[in-house]
Amino acid sequence: MKHVIHTLNKAFDNRVRLGVMAVLMANDSVSFNELKEALDLTDGNLASHVAALEKAGYVLVTKQFVGKKPNTTYAASTEGKSAFQDHLAALEKLLRGEA
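Counted from 1, the sequence shown has number 1 at position 1 by the UniProt record's numbering; the numbering is strictly sequential.
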């Protein structure tokens, strides 16, 4: 049987990606600027981490125009929600000493 440490998802090892997923799990969707402010990140830092989560299939990206301004919103995908919940469950097991 696998030790619980090996069930942690590498996509969420980074604190920024962990934060992005936490915000997305608490909201249906979040704009780029809302996410940037919530996590106190630069544009480039947020964009690169969201791109990694999108590539993994964990984040859905919607781009549209509001008036003449571009608006990008993010949401956790079904796969992303499941993976994040599994990651949190593994962390909880570690905290309870159920390794």
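Beta carbons are placed, not taken as given, at the ideal position from N, Cα and C, and that holds for glycine.
Keep in mind it's a predicted model, so treat the numbers as computed, not measured.
Sequence-distant residues of its chain with Cβ nearer than 8 angstroms to residue i (five each side left out)
i	result
Ala76	Met21, Leu24, Met25, Tyr58, Val59, Leu60 and Phe84
Val30	Val23, Leu24, Ala38, Thr73, Tyr74 and Ala75
Reduced DSSP secondary structure (H/G/I, E/B, other) of residue i
i	result
Leu95	helix
Thr42	coil
Lys69	strand
Lys2	coil
Cross-strand partners of residue i (DSSP beta bridge)
i	result
Val30	Tyr74
Val16	Its beta-bridge partners do not exist; DSSP assigns none.
Pairwise C-alpha distance: residue j and residue i
i	j	result
residue 101	Leu35	Because the chain is modelled from 1 through 99, residue 101 falls outside the range shown and cannot be assessed.
Thr73	Ala38	14 angstroms
Ala89	Ile5	11 angstroms
Ala51	Gly80	13 angstroms
Thr78	Arg96	27 angstroms
Asp40	Arg17	13 angstroms
Glu92	Glu54	25 angstroms
Close Cβ partners of residue i (< 6 angstroms) along its chain, the five nearest in sequence each way excluded
i	result
Phe32	Thr72
Close Cβ partners of residue i (< 7 angstroms) along its chain, the five nearest in sequence each way excluded
i	result
His87	Leu8, Asn9 and Phe12
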